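K.L.:
Before we start, here is the structure in question, set down as structure tokens.
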Amino acid sequence: MPDWIDVLIRGILYIVVLFMMTKLLGSKQIAQLSFFEYISGITIGSVAGEVITGLDKNISHGVIVILLFGGVTYAVDFFSLKSKKFRDFAEGKANVFIKDGKVMEDSLKKEHYTIDDLNALLRRKNVFKVADVEFAVLEQNGDLNVLLKKENQPLTPKDLNIKVGNEKAPQTVIMDGKILDNSLEQAKQTRHWLNIELEKLGVTLDNVFLGQVDSYGQLTIDVYDDKINVPSPQLQPLLMSMLKKSQADLESFALQTDAENTKKMYTQTSKKIQEAIDLLTPYLKG
């Protein structure tokens with residue numbers, strides 16, 4: 014048999030074996046490698062490459078080694094689920110680098126990190142001053158999680174006691190000029206509605222690169238021609254403006270009339286609209 018055919022057969026065989034082994038061990042091998050999994054992955058890859066190209070080697074020996082390392086890695090993961098102590102030994106522990114705003118020099122030395130390494134990890138989190146950090150921990154997978162000091166954390170509506178409406182994931186209803194009917198159905202809309210909305214925006218379907226419907230039922234689009242200025246949806250601000258105008262008009266009518274019953278009706282209706290405005294404000298701020 015020619016060498017190139019032998020290499021081809023070995024390559025296909027080991028691709029299948031490695032794929033099945035990876036499926037068995039799970040996505041953790043790809044996403045978050047522990048120390049042991051890192052060593053095991055290197056070894057399995059090296060053995061596979063050596064046996065695939067080493068024509069004078071026994072192919073069964075390579076399969077045995079890969080199965081051995083795969084089995085050991087699977088066993089380590091299994092016992093890690095059963096024992097916290099074993100898991101700490103095999104996968105390592107999280108290490109605190111900054112605590113109460115102070116850098117833990119001993120922790121840095123233990124993990125062989127310099128202050129430059131720490132600064133680089135912080136910059137990945139968009140933090141450029143160590144003094145802004147209250148707590149930082151290096152996870153087992155090498156990722157640094159950071160908690161900023163209270164005064165450096167971004168304000169949220171909750172901090173200001175502002176109620177906001179719940180947001181749901183937008184549905185992509187148009188992609189590359191084509192309507193995605195499944196997404197349109199999930200958005201509880203129809204093609205007829207979509208065509209009307211596109212007409213309002215003054216664009217045709219074939220010129221739409223991306224179209225999405227948000228949780229409030231508004232369509233936003235991105236067109237192929239960047240020179241076209243597509244207006245932003247104004248339904249929510251317009252509705253809020255109409256409600257406020259109606260409430261103000263009713264208050265004005267109540268002040269202008271002398272009839273007590275009419276004044277009372279205007280006042281009560283104005284209060285109800287104001288209650289509706291207070292209720293809908295978190296949803297109609299766009």
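If you read the sequence shown in my numbering, its first letter stands for residue 14, the second for the next number, and so on. From the three backbone atoms N, C-alpha and C, an ideal C-beta is built for every residue, glycine too. Keep in mind it's a predicted model, so treat the numbers as computed, not measured.
Since Phe-328 sits in a beta bridge, which residues does DSSP pair it with?
P.N.:
One cannot answer for residue 328 here, as it falls past the ends of the chain, which runs 14 to 299.
K.L.:
Going by the DSSP bridge assignment, what does Thr-233 pair with across the sheet?
P.N.:
Indexing the sequence shown from 1 puts residue 233 at position 220. According to DSSP, Thr-233 bridges with Gln-225.
K.L.:
Among the candidates Val-109, Asp-189, Val-89, whose CA atom is the shortest distance from the CA of Asp-156?
P.N.:
For the purposes of this step, residue 156 is taken as residue 143 along the sequence shown, with counting starting at 1. The shortest C-alpha separation from Asp-156 is found at Val-109.
K.L.:
Could you give the distance in angstroms between the alpha-carbon of Leu-80 and the alpha-carbon of Leu-94?
P.N.:
Numbered from 1 along the sequence shown, position 67 holds the residue referred to as residue 80. Numbered from 1 along the sequence shown, position 81 holds the residue referred to as residue 94. C-alpha separation (whole angstroms): 21 Å.
K.L.:
Just to confirm my understanding: we take Met-188, look at its own chain, exclude 5 residues before and 5 after, and list those with CB closer than 7 Å. What are they?
P.N.:
Numbered from 1 along the sequence shown, position 175 holds the residue referred to as residue 188. Excluding sequence neighbours, Met-188 sits near Leu-223.
K.L.:
Among Lys-162, Gly-58, Asn-132, whose alpha-carbon lies nearest the alpha-carbon of Phe-141?
P.N.:
Indexing the sequence shown from 1 puts residue 141 at position 128. Selected option, being the one with the closest Cα: Asn-132.
K.L.:
Quickly, what does DSSP pair Ile-192 with across the bridge? List them, please.
P.N.:
For the purposes of this step, residue 192 is taken as the residue at position 179 of the sequence shown. Answer is Ile-187, bridged to Ile-192.
K.L.:
Could you give the distance in angstroms between the alpha-carbon of Asp-138 and the alpha-carbon of Asp-129?
P.N.:
On the sequence shown, residue 138 is found 125 positions in, with the first residue counted as 1. On the sequence shown, residue 129 is found 116 positions in, with the first residue counted as 1. A small fix is needed here, since residue 138 is Lys in this sequence, not Asp. Their backbone Cα atoms lie some 15 Å apart in a straight line.
K.L.:
Which class does Gly-84 belong to by DSSP, given the choice of helix, strand or coil?
P.N.:
Along the sequence shown, read from residue 1 onward, the residue named residue 84 stands at position 71. DSSP places Gly-84 in helix when its eight states are reduced to three.
K.L.:
Please report the straight-line C-alpha distance between Asp-172 and Thr-86, rounded to a whole angstrom.
P.N.:
If you number the sequence shown from 1, residue 172 lands on position 159. If you number the sequence shown from 1, residue 86 lands on position 73. Using only the alpha carbons, I get a separation of about 47 Å.
K.L.:
Given that a residue counts as buried once 16 or more other Cβ atoms are within 10 Å of its Cβ, and exposed if not, what is Gly-84?
P.N.:
Against the sequence shown, residue 84 aligns to sequence position 71. Exposed: under 16 other Cβ atoms inside 10 Å.
K.L.:
Take Ser-120 and list the residues in its own chain whose beta-carbon comes closer than 7 Å to its own, dropping the five residues that flank it on each side.
P.N.:
Start at 1 with the first residue of the sequence shown, and residue 120 comes out as number 107. Result list for Ser-120: Asn-108, Val-109, Phe-110, in chain order.
K.L.:
Give the DSSP-derived three-state secondary structure of Lys-41 in the structure shown.
P.N.:
Position 28 of the sequence shown holds residue 41. Any reading at Lys-41 needs caution, since the residue's pLDDT is 48, under 50, leaving its predicted position unreliable; the model's value is listed next. Correct three-state label for Lys-41: helix.
K.L.:
Which of helix, strand or coil does DSSP assign to His-205?
P.N.:
As a working mapping, residue 205 is identified with position 192 in the sequence shown. Note: His-205 maps to helix in three-state DSSP.
K.L.:
Using only the alpha-carbon positions, how far apart do Ala-151 and Ala-182 sit?
P.N.:
Taking the sequence shown and counting its residues from 1, one reaches residue 151 at position 138. Taking the sequence shown and counting its residues from 1, one reaches residue 182 at position 169. The question names Ala, but residue 151 in the sequence shown is Leu. Leu-151 and Ala-182: Cα-Cα distance of roughly 31 Å.
K.L.:
What's the C-alpha gap between Ser-259 and Leu-135?
P.N.:
What you label residue 259 is simply residue 246 of the sequence shown in a count that begins at 1. What you label residue 135 is simply residue 122 of the sequence shown in a count that begins at 1. Their Cα atoms are separated by approximately 52 Å.
K.L.:
Which term fits Ile-18, buried or exposed, when burial requires 16 or more other beta carbons within 10 angstroms of its beta carbon?
P.N.:
Taking the sequence shown and counting its residues from 1, one reaches residue 18 at position 5. Ile-18 comes out exposed.
K.L.:
I need the straight-line Cα distance from Gln-225 to Asp-239, nearest angstrom please.
P.N.:
Position 212 of the sequence shown, counted from the first residue, corresponds to residue 225. Position 226 of the sequence shown, counted from the first residue, corresponds to residue 239. Near 17 Å, if we compare the C-alpha coordinates of Asp-239 and Gln-225.
K.L.:
Rounded to whole angstroms, how far is the Cβ of Tyr-279 from the Cβ of Leu-263, which I believe are closer than 8 Å?
P.N.:
Along the sequence shown, one-based indexing puts residue 279 at 266. Along the sequence shown, one-based indexing puts residue 263 at 250. So it is a contact: roughly 5 Å between Cβ atoms.
K.L.:
Where Gln-202 and Asn-208 are concerned, what is the direct C-alpha to C-alpha distance, given to the nearest angstrom?
P.N.:
Numbered from its first residue, the sequence shown carries residue 202 at position 189. Numbered from its first residue, the sequence shown carries residue 208 at position 195. In a straight line, the C-alpha of Gln-202 is about 11 Å away from that of Asn-208.
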